[in-house]
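Below: the structure, in structure tokens.
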Ligand code: CP
Ligand code: NVA
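Residue numbers (the numbering used here): 446 to 744.
What follows is the structure in structure tokens.
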């Protein structure tokens with residue numbers, strides 16, 4: 446819930462932000478990106494410590510937060526859940542109470558969304574969801590920053606997400622809608638998002654791709670889905686992001702992927718490394734958008 450006349454207390458799903466806060470965050474992210482060499486924001490987190498707590502592996506999220514906190518003049522403290530007493534059964538709520546006495550914010554990636562919600566409920570400092578199986582809001586902030594720098598005004602930009610209706614798709618739909626982006630989602634039966642969340646919810650990847658400004662996909666087997674890998678690969682095979690699908694997009698269409706990618710599965714090498722690919726900018730934009738997020742939350 447937003448604080449009265451202030452920033453949101455946490456970022457767990459993206460629904461904590463107002464449209465105005467999201468626009469301002471993306472504007473600030475662009476400023477931080479342009480001014481990175483000149484040290485723009487270099488004192489924003491001076492004297493603050495931010496914990497980065499990971500129950501699951503991460504390359505982009507972990508490193509971009511670690512670098513981002515340091516570039517804002519703060520101190521990042523990267524922790525693995527299994528090296529805390531959490532691993533021996535101390536509750537997440539007690540962990541939150543104690544960490545709140547030392548730190549100014551907690552960024553957490555967890556294997557269950559309930560863990561992050563429980564941590565936020567007991568914490569006295571802002572909590573940022575760095576991915577759960579249900580939501581990945583930090584990814585969506587970078588996705589929107591990438592669309593903004595490619596297309597300018599976000600209002601009316603269309604994105605077609607094809608594949609698994611997972612955490613990345615859900616956060617794109619939630620935050621995309623807030624930003625005025627038309628988010629279309631094509632998934633197989635049984636892999637859909639909640640009804641009404643995307644602007645278009647279809648089983649047909651070609652219908653979603655038609656005239657879209659960006660085509661987006663993610664892995665078919667997310668962290669935690671490994672036991673279903675074989676079934677998922679079979680069900681999702683018709684949803685590959687390839688040159689043929691990209692050609693259905695608008696003239697200016699770009700390809701997006703949150704990474705890590707499995708070239709030859711959900712995306713072809715041709716598209717991932719092709720001239721329309723914006724995925725490397727998208728990965729870089731994790732840094733700038735998360736710096737803007739931390740400034741907003743820690744004001
Ligand atoms: N896209 C993303 O969140 O990547 P990591 O799992 O490497 O953090
Ligand atoms: N959907 C993927 C995203 C990884 C960044 C997963 O949850 O594993």
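Just so it is clear, CB atoms sit at the ideal spot from N, CA and C, and this is done for glycine as well. In this text, all values refer to a predicted model and were calculated from it rather than measured experimentally.
C-beta atoms of residue i and residue j nearer than 9 Å
| i | j | result |
| --- | --- | --- |
| residue 819 | residue 558 | Given a span of 446 to 744 for the chain in the structure shown, any question on residue 819 remains unanswerable. |
| residue 426 | residue 739 | Residue coverage of the chain in this structure runs from 446 to 744, which leaves residue 426 outside it and unanswerable. |
| residue 642 | residue 630 | yes |
| residue 571 | residue 454 | yes |
| residue 477 | residue 702 | no |
| residue 628 | residue 667 | no |
| residue 525 | residue 500 | yes |
| residue 657 | residue 597 | no |
Chain B within 9 Å of residue i, Cβ atoms only
| i | result |
| --- | --- |
| residue 495 | Among the chains in the structure shown there is no chain B, since it carries only a single protein chain. |
Cβ-Cβ separation, residue j to residue i (assumed contact under 8 Å), whole Å
| i | j | result |
| --- | --- | --- |
| residue 645 | residue 662 | Incorrect: roughly 16 Å between the Cβ atoms, too far for contact. |
| residue 435 | residue 621 | Nothing about residue 435 can be read from this structure; the chain reaches only from 446 to 744. |
| residue 728 | residue 704 | 6 Å |
| residue 497 | residue 552 | 5 Å |
| residue 548 | residue 494 | 5 Å |
| residue 517 | residue 489 | 4 Å |
| residue 590 | residue 491 | Incorrect: roughly 24 Å between the Cβ atoms, too far for contact. |
| residue 660 | residue 624 | Actually they are not in contact, since the Cβ atoms of residue 660 and residue 624 sit about 18 Å apart, beyond 8 Å. |
| residue 618 | residue 638 | 6 Å |
Boundaries (first-last residue) of the beta strand (DSSP E) holding residue i
| i | result |
| --- | --- |
| residue 498 | 494-499 |
| residue 646 | 645-647 |
| residue 582 | Unbroken run through residue 582 is the alpha helix (DSSP H), 582-596; no beta strand (DSSP E). |
| residue 606 | 603-607 |
| residue 525 | 520-525 |
| residue 572 | 572-574 |
Rounded separation between residue i and residue j - CA only
| i | j | result |
| --- | --- | --- |
| residue 575 | residue 507 | 8 Å |
| residue 683 | residue 716 | 16 Å |
| residue 735 | residue 452 | 15 Å |
| residue 568 | residue 688 | 46 Å |
| residue 521 | residue 742 | 15 Å |
| residue 673 | residue 679 | 10 Å |
| residue 608 | residue 472 | 30 Å |
| residue 633 | residue 541 | 38 Å |
| residue 616 | residue 582 | 5 Å |
| residue 636 | residue 677 | 9 Å |
| residue 737 | residue 459 | 14 Å |
| residue 706 | residue 712 | 7 Å |
| residue 425 | residue 611 | Here the chain comprises residues numbered 446 to 744, so residue 425 is not present and cannot be evaluated. |
| residue 528 | residue 664 | 29 Å |
Delimiting residues of the alpha helix (DSSP H) encompassing residue i
| i | result |
| --- | --- |
| residue 705 | No alpha helix (DSSP H) holds residue 705; DSSP gives it neither H nor E. |
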